[in-house]
Amino acid sequence: MNSSMKSLFLVILLLNILLVPIGANVIGIAEFTKHIKGVAKFIFDGEMKIIVNVKDGLDVGLVYPFHIHEFPVRNHNCSTAGGHLDPTNAAVEGKLYMCDPNQPKKCEVGDLSGKYGGLIPNIKGHVHKQINDPFVKIFGSFGIRGRSIVIHKPDLNKTRLDCANIKIVHNHKRSLTRLI
Ligand SMILES: *[C@@H]1O[C@H](CO)[C@@H](O)[C@H](O)[C@H]1NC(C)=O
Ligand SMILES: *[C@@H]1O[C@H](CO)[C@@H](O)[C@H](O)[C@H]1NC(C)=O
Ligand SMILES: [Cu+2]
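Rendered as structure tokens:
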């Protein structure tokens, strides 16, 4: 290999490293297995992209609320997930909380259906929903790490139909260490 080929190789190698899109990989996954068969994927590409796919467990004709909840789920008990992720205290105790989708900044960070609409099964009962959310982060008080996703029945009691912990995927270490 002559020297100009060597430098060409070096340039290509360098470009490869630089062009690895920082965090443009799945960085979080929540898998629903109990009442619902589905998955929520989190992709960070400067902004959080959330993709929810449901294959089974939701009824056609209903709109299901879903949120990022503050705590992880223990023993498949969705009550242990606590309330919605709300680092900005958008919900004030004793006051009626309403999320205006035109002002998502004022909504609870975890109130995904409030900001972007609920899960609407198609005729086959499948859901494919994709969201770009500028408020949700990976780590810290706005972060998905250590949180869970709860899908609710659209009833007055907001029954927790199913829940799943968000697992941070560790097989993209370079992207993650650059983001920390
Ligand atoms: C589920 O968790 C809640 C909140 O921690 C608790 O009050 C309740 O007893 C638990 N239910 C079961 C069946 O363990
Ligand atoms: C909602 O909660 C109330 C009070 O706990 C209970 O009486 C009622 O049966 C519940 N309704 C549904 C649809 O779960
Ligand atoms: Cu919820």
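Numbered according to mature numbering (1 follows the signal peptide of the UniProt record, and there is no 0), the sequence shown spans residues -24 to -1, 1 to 156. Idealized CB from N, CA, C, for every residue including glycine.
Residue interval of the alpha helix (DSSP H) (run including residue i)
i: GLY90; result: 88 to 92
Start and end residues, beta strand (DSSP E) containing residue i
i: ALA16; result: 13 to 20
i: GLY4; result: 2 to 8
i: VAL145; result: Element bounds for VAL145: n/a, residue is neither H nor E.
i: ASN32; result: Residue identity check: residue 32 is Asp in the sequence provided, not Asn. Segment 24 to 32, the beta strand (DSSP E) holding ASP32.
Residue i versus the options, residue with shortest Cα-Cα distance
i: HIS104; options: ASN1, VAL2, LYS17, GLY4; result: LYS17
i: LYS113; options: GLY70, GLY59, HIS11, ILE142; result: ILE142
i: ASN98; options: VAL30, THR64, MET24; result: VAL30
i: ILE44; options: ILE144, ALA140, THR64; result: ALA140
i: ILE12; options: GLY33, GLY22, ILE27; result: GLY33
i: MET24; options: LEU38, PHE118, GLU69; result: PHE118
i: VAL49; options: VAL39, ARG123, GLY70, PHE111; result: ARG123
i: ASN133; options: TYR40, ASP35, LEU95, GLU69; result: TYR40
i: LYS81; options: PRO110, GLN106, SER89; result: PRO110
i: ASP35; options: VAL145, PRO130, ARG136; result: PRO130
i: SER115; options: ILE26, ALA67, ILE144; result: Correcting the residue identity first, residue 115 is Phe in this sequence and not Ser. Of the candidates ILE26, ALA67, ILE144, the one whose C-alpha sits nearest the C-alpha of PHE115 is ILE144.
i: GLY94; options: VAL85, VAL28, VAL15; result: VAL28
i: HIS60; options: LEU72, ILE107, GLU84; result: GLU84
i: GLY22; options: VAL15, ASN108, LYS10, GLU69; result: ASN108
i: GLN106; options: SER89, THR135, ALA66; result: SER89
i: LEU38; options: VAL68, ILE96, ASN65, ILE26; result: ILE96
i: GLN79; options: LYS10, ARG136, ALA66, GLY14; result: ALA66
i: ILE26; options: ILE125, GLY70, GLY58; result: ILE125
CB-CB length for residue i against residue j, believed under 8 Å
i: ILE127; j: PHE47; result: No, ILE127 and PHE47 are not in contact; Cβ-Cβ is about 16 Å, not under 8 Å.
i: ASP87; j: CYS75; result: 5 Å
i: LYS91; j: PRO77; result: 6 Å
i: PHE20; j: ASP138; result: About 24 Å separates the two Cβ atoms, so there is no contact after all.
Residue i Cβ short of 7 Å to ligand 5 heavy atom set
i: VAL126; result: As presented, the structure is devoid of ligand 5, carrying ligand 1, ligand 2 and ligand 3 as its sole ligands.
Pairing CB atoms from the stretch 45 to 55 with CB atoms from the stretch 1 to 8, are three or more of them under 8 Å? With the cut-off at 8 Å, the stretch 45 to 55 and the stretch 1 to 8 do not touch.
Within the stretch 84 to 142, ranges of the beta strand (DSSP E) (whole runs, at least 3 residues): The stretch 84 to 142 contains, as complete beta strand (DSSP E) runs of 3+ residues, the segments 103 to 109, 124 to 128, 136 to 141 (chain order).
Contained beta strand (DSSP E) runs [length at least 3] in the stretch 41 to 80, N- to C-terminal order: 42 to 45
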